[in-house]
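Sequential numbering of the sequence shown, starting at 764, is according to the working numbering.
All residues carry an ideal CB built from backbone N, CA and C; glycine is no exception.
Note that the structure is predicted; figures quoted are calculated from it, not measured.
Notes for the one structure printed next.
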Amino acid sequence: MKHLFIFLFLAFGLSASSQVAINTDGTDPDNSAMLDVSSTSRGFLPPRMTHLERDAIADPAQGLVIYCTDCGELQVFSGVVWTNLAGSMANPGLAIGNNYQGGIIAYILQPGDPGYIAREFHGLIATPGNQTAGSPWGCYGSSITGADGTAFGTGIQNTIDIMAGCAETGIAARICGDLVLNGFSDWYLPSIDELNKLYLNRAVIGGFVNTAYWSSSETDPNNAWLLNFVTSAQLSIGKFNNNYVRAVRAF
């Protein structure tokens, strides 16, 4: 009976005022609304589809609304691009743990992160597995100019500076910087803050061992930062020590 009432009310609303109210108590639609839906126990379900199905919509109208199931957000077509309801670029279907551009998405930049650009998706990609099970940081007793960056976004320059300032072979930064994998050659040894992002998302990324990993962040001529994947401790230790290495690249 309730469904019949809603149908009759809809028919009346369309013919009498060109406005539609959908409810269970017969309330008239608000004067400012063409469609007024009200409920205290149920929600509104727009069309649900993957981002690939969304992108296959032929000539979407400006204002078209869908829920992207593999993006996890409500999206609207601006007439040019799909955006989320906050006005940011719609998630193209990227998520931490996805295989993407030669590796596994390890982190997606958030507002406030260095390098974050509104309406764009950027972040870190980790290699599918570890590069070594034990390599030194290198150049114990020598200070590497420019390799002291600890913040997110400094790992790539740290790696460049280490490779330029330390001629030793088999060191952590050189292993990453020389890596060519799955068609990409811009891999680097993450800074300590970047490495911490990998640690926080380690379960989703996969492939980590419960041990210590080198960062590219130098402390002083004798020491550099590592992160213990057992205890989460960030420690400054001798650069001659052998520790695990896992490369990243930016996207």
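Counting along the chain, Glu-981 sits inside the beta strand (DSSP E) bounded by residues 975 to 983.
Each of Ser-906, His-814, Asn-786 was checked against the Cα of Phe-807, and the nearest Cα belongs to Asn-786. Non-local C-beta neighbours of Leu-837 in its own chain, meaning closer than 6 Å and more than five positions away in sequence, comprise Tyr-830, Leu-848, ordered along the chain. By the neighbour-count criterion, in which 16 or more other beta carbons inside 10 Å mark a residue as buried, Phe-915 falls on the buried side. Residue state for Arg-805 is assigned as coil, using DSSP reduced to three classes. Where Arg-965 is concerned, the enclosing alpha helix (DSSP H) starts and stops at 965 to 968. Bounds of the beta strand (DSSP E) holding Gly-866 are 866 to 871. Under the three-state reduction of DSSP output, Asn-959 falls in the helix class. Taken in chain order, the complete alpha helix (DSSP H) segments of 4 or more residues contained in the region 901 to 955 are 918 to 928, 935 to 940.
Rounded to the nearest whole angstrom, the C-alpha separation of Ser-802 and Thr-790 is 11 Å. In this structure the region 882 to 896 lies against the region 1005 to 1013, because at least three pairs of beta carbons, one per stretch, are closer than 8 Å.
Scanning its chain for C-beta atoms nearer than 7 Å, with the 5 sequence neighbours on each side dropped, one finds around Asn-1005 the residues Gly-897, Ser-898, Pro-899, in chain order. Judged by DSSP in its simplified three-state form, Arg-811 adopts strand.
In the DSSP secondary-structure assignment, Gln-997 is bridged to Leu-990.
Counting along the chain, the unbroken beta strand (DSSP E) around Glu-836 starts and ends at 836 to 840. Burial is judged here by how many other beta carbons sit within 10 angstroms of a residue's own beta carbon; Gly-918 has at least 16 and is buried. Inter-residue distance for Ile-923 and Gly-940 is about 8 Å (C-alpha atoms, whole angstroms). With a threshold of 16 other beta carbon atoms within 10 Å, Thr-913 meets it and is buried.
Looking at the DSSP output, Arg-1012 bridges to Ile-888.
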